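Trainee: Residue numbers for the sequence shown, in this note's numbering: 22 to 213.
In this text, a Cβ means the ideal position worked out from N, Cα and C, and glycines have one as well.
Nothing here was measured: the structure is a model prediction, and the numbers come from that model.
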Amino acid sequence: MRILDLHKLTDEKWLNLFAATFEHHGHTGRWLFASRRAEPQKGPGAGDAVVIVPVLRNPGEPPRLVMIKEFRAPVGARVWGLPAGLLEQGEPVEETVRREVREETGMEVVKFKRLTQPLYSSAGMSDEAAALAFVDVRSTPESLPKLEASEDIEVVLLDYAGVCRLCDDAGARIDAKAWSALYLYQQLGQLV
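#1: I'd like the span of the beta strand (DSSP E) that includes Thr49, first residue to last.
#2: Who are Ser143's beta bridge partners in DSSP?
#3: Where do the N-terminal and C-terminal ends of the alpha helix (DSSP H) with Arg115 fall, by residue?
#4: In chain order, what are the residue ranges of uninterrupted alpha helix (DSSP H) at least 4 long that sit wholly in the region 157 to 198?
#5: Roughly how many angstroms separate the alpha carbons of Val130 and Phe39, rounded to a whole number?
#6: Which one of Glu33, Arg51 and Asn37 has the shortest CA to CA distance from Asp26?
#7: Would you grab the beta carbon distance between Gly68 and Ala144 for me? Rounded to a whole angstrom, and I think it's under 8 Å.
#8: According to DSSP, is Ala202 part of a helix, a strand, or is it coil?
#9: Applying the criterion that 16 or more other CB atoms from any shown protein chain within 10 Å of the CB defines a buried residue, is Gly102 buried or exposed?
#10: At the level of alpha carbons, what is the spacing between Pro113 and Ile73?
#11: What's the C-alpha gap between Ala55 and Ser147?
#12: Sort Pro83, Val71, Gln138 and His28 by Cα distance to Gly106 and report the nearest one.
#13: Give the C-beta separation of Val156 and Val100 to the nearest angstrom, bearing in mind that I take them to be a contact with Cβ-Cβ under 8 Å.
#14: Tell me whether Leu209 sits in a helix, a strand or coil according to DSSP, three-state version.
#15: Nearest to Arg58 by CA position, among Gly127, Glu109 and Val176, is which residue?
#16: May I ask which residues mark the beginning and end of the beta strand (DSSP E) holding Leu107?
#17: Rounding to the nearest angstrom, what Cα-Cα distance links Pro166 and Val184 in this structure?
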């Protein structure tokens, strides 16, 4: 398969639509996709975003998974998810993780347990690549989110039993990446 032509269809700040004309075994087709990049398909890079799996570890308390509930316009409802955000130009991935945790939860990253390479969550619809960061966080006396005017985020702390309940709640609107983290912890039998 090869791309014959790439045409930008929209001109928005955060996300745009592109039409790719492709050829595969003599068949020519058209594929629409979204991209955060000015020039999609320019090869691998640092990625576009981070998705963070934070576990709150306060002394004398059980560990709790830090989740968010956020209104998402495409769904028209609040969705369970994980703190996440876009990398700023030239910003190291680790700093983006720290900044997004601070902004969305008011908490502080104290330990990186695993940081992945950029991963694709919906490659049939977008070229967006996000690093996944498993981190330990702590709350501080000033632990208040610093939300942008367009953000509607509620921070929710789940102990292991809460993780299991949400993972098994067939009626809950849950982001796929967040559900994967819930299931991982449910299968491990603890928040590690």
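Mentor: Reading off the structure:
#1: Within the sequence shown, numbered from 1, the residue matching residue 49 stands at position 28. Judged by DSSP secondary structure, Thr49 falls within the beta strand (DSSP E) whose first and last residues are His48 to Ser56.
#2: Indexing the sequence shown from 1 puts residue 143 at position 122. Beta-bridge partners of Ser143 (DSSP): none assigned.
#3: Here the question's residue 115 lines up with position 94 in the sequence shown. The question names Arg, yet the displayed sequence has Glu at residue 115. Counting along the chain, the alpha helix (DSSP H) containing Glu115 begins and ends at Val114 to Thr126.
#4: 181 to 188
#5: Start at 1 with the first residue of the sequence shown, and residue 130 comes out as number 109. Start at 1 with the first residue of the sequence shown, and residue 39 comes out as number 18. Their Cα atoms are separated by approximately 36 Å.
#6: Counted from its first residue, the sequence shown places residue 26 at position 5. Residue Arg51 is the option with its Cα nearest to Asp26.
#7: For the purposes of this step, residue 68 is taken as residue 47 along the sequence shown, with counting starting at 1. For the purposes of this step, residue 144 is taken as residue 123 along the sequence shown, with counting starting at 1. At roughly 13 Å, the Cβ-Cβ gap does not stay under 8 Å, so Gly68 and Ala144 are not in contact.
#8: Residue mapping note: residue 202 aligns to position 181 of the sequence shown, counting from 1. Of the three classes helix, strand and coil, the one that applies to Ala202 here is helix, per DSSP.
#9: By 1-based counting over the sequence shown, the position of residue 102 is 81. By the neighbour-count rule (16 or more Cβ atoms within 10 Å), Gly102 is buried.
#10: In the sequence shown, residue 113 corresponds to position 92, counting from 1. In the sequence shown, residue 73 corresponds to position 52, counting from 1. Going from the Cα of Pro113 to the Cα of Ile73 covers about 15 Å.
#11: Within the sequence shown, the letter at position 34 stands for residue 55. Within the sequence shown, the letter at position 126 stands for residue 147. For Ala55 and Ser147, the distance between alpha carbons rounds to 5 Å.
#12: The count along the sequence shown starts at 1 and reaches residue 106 at position 85. Closest option to Gly106, Cα to Cα, is Val71.
#13: Locating residue 156 in the sequence shown gives position 135, where the first residue counts as 1. Locating residue 100 in the sequence shown gives position 79, where the first residue counts as 1. At roughly 21 Å, the Cβ-Cβ gap does not stay under 8 Å, so Val156 and Val100 are not in contact.
#14: Stepping through the sequence shown from its first residue, residue 209 is reached at position 188. In this structure, Leu209 counts as helix in the three-state DSSP scheme.
#15: Stepping through the sequence shown from its first residue, residue 58 is reached at position 37. Residue Glu109 is the option with its Cα nearest to Arg58.
#16: Mapped onto the sequence shown, residue 107 falls at position 86. In the DSSP assignment, Leu107 falls within the beta strand (DSSP E) that extends over Ala105 to Leu107.
#17: By one-based count along the sequence shown, residue 166 stands at place 145. By one-based count along the sequence shown, residue 184 stands at place 163. Pro166 and Val184: Cα-Cα distance of roughly 22 Å.
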